[in-house]
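Note that the sequence shown covers residues -13 to 96 in my numbering.
Each residue gets a CB set at the ideal place from its N, CA and C atoms; glycine is no exception.
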Amino acid sequence: MYNDIGPDIPLTVHCKSKNDDLGTHVVPFKGSYDFSFGLHLLGRTQFWCRFEWLAVFRYFDIYVQDRDEGGCDECTWRIAPTGPCRLNPEYNSYNICYYWNKDVPTAFAP
-13 MYNDIGPDIP LTVHCKSKND DLGTHVVPFK GSYDFSFGLH LLGRTQFWCR FEWLAVFRYF
47 DIYVQDRDEG GCDECTWRIA PTGPCRLNPE YNSYNICYYW NKDVPTAFAP
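In structure tokens form, the structure reads like this:
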């Protein structure tokens, strides 16, 4: 995932699944953060991420097996203030865009 929040604005990323906590990472503007994982045989793989910049907190399900499997072997995301957009390899464009999650995932709930 690439930080496209804005010039000189670092993006703090914390991703986790039901079984794995990938920790917190600070990504500089235009920098990237990558991770990999294996898929669940029953189609239940899911990773959530918390994104923070300038005291703004947003959440997004960065990988949902039912949604993303087959759509990308290596999912590449552009993270912008308006929401995350996934690279569409067919057009080499970040034109698969989503809204931020409305609710805080239970994985991040206090």
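Residue i - DSSP class collapsed to helix/strand/coil
i, result
"Arg30", "coil"
"Asp59", "coil"
"Asp47", "strand"
"Asp52", "helix"
"Ala66", "strand"
"Glu76", "coil"
"Asp6", "coil"
"Ile(-5)", "coil"
Environment of residue i [buried if 16+ CB atoms lie within 10 Å]
i, result
"Arg72", "buried"
"Tyr(-12)", "buried"
"Thr31", "buried"
"Asp7", "exposed"
"Asp54", "buried"
"Trp86", "exposed"
"Pro70", "buried"
"Phe43", "exposed"
Closer than 7 angstroms: residue i CB and nearest the ligand ZN heavy atom
i, result
"Phe23", "Looking for the ligand ZN in the displayed structure turns up nothing, as the structure carries no ligands at all."
Residue nearest to residue i in terms of C-alpha spacing, selected from the options
i, options, result
"Val13", "Gly69, Val(-1) and Gly24", "Val(-1)"
"Phe33", "Lys2, Gly69 and Trp86", "Lys2"
"Arg36", "Gly56, Ile82 and Pro67", "Pro67"
Per DSSP, the bridge partner or partners of residue i
i, result
"Phe15", "None, per the DSSP bridge assignment."
"Val42", "Trp39"
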